[in-house]
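Student: Sending over a structure as structure tokens; questions will come in a sec.
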Amino acid sequence: CLPQPTSRVMIAWPSIRRVRFVVASLLAVAACKPDATAPTGARPPYLAIIVSVDAPAEVTSRGPYSFRVRELSGTLPVDTTVRASPKDTIIFHVEPASYRVDIADVPATCGVRDGNVQAITVPPNTNTSLVRFFVICTPALTVSVFTDGAIPDSAYVLTVRSSTGAERVSVLPSNGSARLDGLAAGTYAVSLRHIDTHCMVTSDGGENVSASITASGGAAVAFRVVCAEVNRRPRIVQLAASHGGGSVGFLIRATDLDGDIERSFLDITDCNRKSVLPVRGRLRGGFSGFPNVTRKDTAVIVGAYDLGLTDAQLAGRCIAVWVADARGNHSEWVEVPLVARTSAKSPVATTFNARYNGTRGLQVALSTTDPDGDFVGLFFTYLLRDGVVLLPADGQPDRLVSDPPGIIGSTILELPFGIGFGAWNDYLGVIVYLVDKAGNFTRLEDSDLFR
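The numbers in the sequence shown follow the numbering used here, run straight up by one, and end at 1368.
See below:
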């Protein structure tokens, strides 16, 4: 009347709020006798695991859970782990002894009423001993914060405000998490407060984010905080940018005491620090050693990205930027409206040609002019065959950036083959972005390198 020792009895879950493992099978187990005609090895005593889940149906359908069964004294070699979905029944043949049963992989919005560990003694000459776990799932919000950098804060004030105005306030360690239970379904404003002036939140949305909790589960929010040396953090003094044709061009001027700005981060936002990009913000590093940033009191960074968004999707958005130095000190965020490029004022190329110099190198001939005389510099990238630049193949040409902070002026040095990435026939083209002081830009592309 029982399955083999490690088999599972599958039963259907009733469509009610309280769900129970094993019920039908336990009735069968109770009717069994020690001398019942069970298969060889499937004789009492048995250990059955029962789980009751008090949760909406959306939660009870999750799984599987993990169960680890160990004999406590260590005299019997019993230490086994099984995984069971909410539709499974677990029944073991065991020797008389004391056992420990652990439950794991419970959904994050759930808790086990009497703990995740149960102990039970299986006496000799008995039929079935039961281990019971009561899992209760209630909507909850989990908030985590991760802080690093110079002189990090020790703690923050966390506020969670509902749409009705009800607010919870608590203290959150600078590297820790908090779980807020008993929240009704709805949208909540989650804010991290009391952040020292030399620290800033770099995660999406900044210090104010929105979290939605449904009746069937919870939500998780993570804040990332980076702190800087007060007297050595960079400061952005100018950010100018524009968009056009699904691309964005920008100019950043930033002061730095040590002249060692090393990277920049750019995002397109809803003007409240919430990213609108399919893949959040773009980090570009490797600035060290380039003449427009290294050992400069004021670094000048020229950059551009192809975003893959339409101009209609970029209209009314903002560009948000920070820079960081080689010591990890971050500037503050700067967020300004992202405007459409003014083509009548954008730089113009009077000469542009990218071509192979035999199989020795790749040359770019470029000369420029600007309608209002405020051309600053350019950013450029090489296009290579898919899968060449240490990236997995994705069906799109790879992009190689040799001057990540851009170039002041319009001179692009020849790229010699035989060093860096790829051979001469790996290169497919060159894209150049000309950027002026107002952030207006012109995008150029040459995909015929033989002429």
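The beta-carbon is built from N, C-alpha and C at its ideal position, and this holds for glycine as well.
By the three-class DSSP mapping on this structure, what secondary structure does residue 1226 have?
Tutor: coil
Student: When DSSP builds the beta bridges, which residues end up paired with residue 1313?
Tutor: Residue 1313 pairs with nothing; no bridge assigned.
Student: Considering only residues of the same chain and omitting the five flanking positions on each side of residue 1251, which have a CB-CB separation below 8 Å?
Tutor: 1153, 1156, 1237, 1238, 1239
Student: In the DSSP assignment, the beta strand (DSSP E) including residue 1183 goes from what residue to what residue?
Tutor: Segment 1178–1186, the beta strand (DSSP E) holding residue 1183.
Student: Is residue 1308 near residue 1339, with beta carbons less than 7 Å apart?
Tutor: no
Student: Looking only at its own chain, which residues have a Cβ that is under 6 Å from the Cβ of residue 1288, when we skip the five neighbours before and after it?
Tutor: Cβ within range, chain order: 1262.
Student: Check each candidate in 1215, 1135, 1209 and name the one with the smallest Cα separation from residue 1151.
Tutor: Checked all of 1215, 1135, 1209; the closest Cα to residue 1151 is 1215.
Student: Start and end of the beta strand (DSSP E) containing residue 1070?
Tutor: No beta strand (DSSP E) holds residue 1070; DSSP gives it neither H nor E.
Student: Could you say which of 1294, 1068, 1125 lies nearest to residue 1078 if we only look at CA atoms?
Tutor: 1125
Student: Our contact map puts residue 995 next to residue 1018 with C-beta atoms below 8 Å; I'd like the distance itself, whole angstroms only.
Tutor: At roughly 11 Å, the Cβ-Cβ gap does not stay under 8 Å, so residue 995 and residue 1018 are not in contact.
Student: With 16 as the cutoff for other CB atoms within 10 Å, does residue 1015 come out buried or exposed?
Tutor: exposed
Student: Give the secondary structure of residue 1283 by DSSP, where H, G and I count as helix, E and B as strand, and everything else as coil.
Tutor: strand
Student: Going by the beta-carbon positions, is the gap between residue 1222 and residue 1190 smaller than 7 Å?
Tutor: no
Student: Among 1269, 1293, 1275, which has the Cα closest to the Cα of residue 1347?
Tutor: 1269
Student: Quick check: what's the CA-CA separation for residue 1281 versus residue 1267?
Tutor: If you take the alpha carbons of residue 1281 and residue 1267, they lie about 13 Å apart.
Student: Is the Cβ-Cβ distance between residue 1100 and residue 1089 less than 7 Å?
Tutor: no
Student: Over the uninterrupted beta strand (DSSP E) stretch that includes residue 1173, give me the two end residues.
Tutor: Segment: none, residue 1173 is in no beta strand (DSSP E) and carries neither H nor E.
Student: Can we say the segment 1160–1178 touches the segment 1090–1097, given the rule of at least three CB pairs closer than 8 Å?
Tutor: no
Student: Applying the criterion that 16 or more other CB atoms from any shown protein chain within 10 Å of the CB defines a buried residue, is residue 1186 buried or exposed?
Tutor: buried
Student: DSSP on residue 1260, reduced to helix/strand/coil?
Tutor: helix
Student: Hey, would you say the C-beta of residue 1218 is under 6 Å away from at least one heavy atom of the ligand NAD?
Tutor: Among the components modelled here there is no ligand, and therefore nothing to report on the ligand NAD.
Student: Measure the beta-carbon distance from residue 971 to residue 1053 and round it to whole angstroms, keeping in mind my assumption that it falls under 8 Å.
Tutor: 5 Å
Student: Among 1253, 1194, 1244, whose alpha-carbon lies nearest the alpha-carbon of residue 1227?
Tutor: 1194
Student: Quick check on residue 1209: buried or exposed, where buried means 16 or more other Cβ atoms within 10 Å of its Cβ?
Tutor: So residue 1209 counts as buried.
Student: Which runs of the alpha helix (DSSP H), 4 residues or longer, sit entirely within the segment 1324–1354?
Tutor: none
Student: Rounded to the nearest angstrom, how far is the Cβ of residue 1306 from that of residue 1315, given a contact under 8 Å?
Tutor: Residue 1306 to residue 1315, Cβ: 4 Å. Contact.
Student: For residue 1254, list the residues DSSP reports as bridge partners.
Tutor: 1235
Student: Please report the distance separating the alpha-carbon of residue 1279 from that of residue 1141.
Tutor: 42 Å
Student: Checking the sheet assignment: what are the DSSP bridge partners for residue 1102?
Tutor: In the DSSP output, where bridge partners are listed per residue, residue 1102 has none listed.
Student: Taking 7 Å as the cut-off, decide whether the C-beta atoms of residue 1296 and residue 1323 are in contact.
Tutor: yes
Student: Kindly indicate the opening and closing residues of the beta strand (DSSP E) around residue 859.
Tutor: Since the first and last residues shown for the chain are 918 and 1368, residue 859 lies out of range.
Student: Can you tell me whether residue 1193 is helix, strand or coil according to DSSP?
Tutor: coil
Student: Alpha carbon to alpha carbon, how far is residue 1313 from residue 1136?
Tutor: 35 Å
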